[in-house]
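The structure under discussion appears below in the form of structure tokens.
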């Protein structure tokens, strides 16, 4: 099935009060009689909402991938019964498992985003990551924790989808700021 293409038209209006010509990318607002100023306020509010949602999304995703590093050896020894001799090996295996599978799956998820849509793939990644977080809370062995991290890597793709979605919402003059905020939360 061929991907659906969205047509965005450019519309020019003349404000009756100012007689100025303004270029808008939402012709529907003109047809409804909404002023250019109101349209710009709505667009700014939408951009702020999208930036806030995607930033929070990235914050939780980033914490799930990397914030476990300081606690992983203690969790493995105290909760999962790993011996002191093998805790470093298990820490490396558990931590790297998600990144290994993520590197394999990234091009596949990217291709699917091109054909099925970025929003769909962001929802897919969010849903599967939430399942992986639940599974992470019920593991009973280092092997199960490793399998959960492998599944977490399989569920990856949220970061690139969030970036792609932001590039669709942010105007060129605010894109650098928006991407900088998102990157700042990730690191």
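Residue numbers (the working numbering): 4 to 190.
Positions of the beta carbon are idealized from the N, C-alpha and C atoms, including for glycine.
Every value quoted in this text rests on a predicted model; they were computed, and no experiment measured them.
Check	Outcome
Candidates 86, 73, 56, 77: closest to residue 125 by CA position	56
Environment of residue 121 [buried if 16+ CB atoms lie within 10 Å]	buried
For residue 85, three-class secondary structure by DSSP	coil
Reference residue 167, options 102, 105, 179, closest by Cα	179
Local conformation of residue 102 per DSSP, three classes	helix
Rounded straight-line distance, which links the Cα of residue 53 to that of residue 169	7 Å
Among 104, 132, 115, nearest to residue 63 - alpha-carbon criterion	132
Interface flag, residue 175 vs chain B, CB-CB below 9 Å	In summary, chain B is missing from the structure at hand, where a single protein chain is found.
Rounded distance between the beta-carbons of residue 171 and residue 61, thought under 8 Å	Not really, about 16 Å apart at Cβ, beyond 8 Å.
Selected residue, minimal CA-CA separation from residue 80, among 148, 49, 152, 183	148
Rounded C-alpha distance that separates residue 83 from residue 113	35 Å
Pairwise C-alpha distance: residue 86 and residue 123	43 Å
Buried/exposed call for residue 183, threshold 16 Cβ in 10 Å	exposed
Whole-Å CB distance - residue 159 paired with residue 100, under 8 Å assumed	Contact flag wrong, Cβ pair sits at about 12 Å.
Alpha helix (DSSP H) segment containing residue 80, residue limits	No alpha helix (DSSP H) contains residue 80, which DSSP labels as neither H nor E.
Cβ shell of residue 173 (< 7 Å), same chain only, five flanking positions each side left out	50, 181
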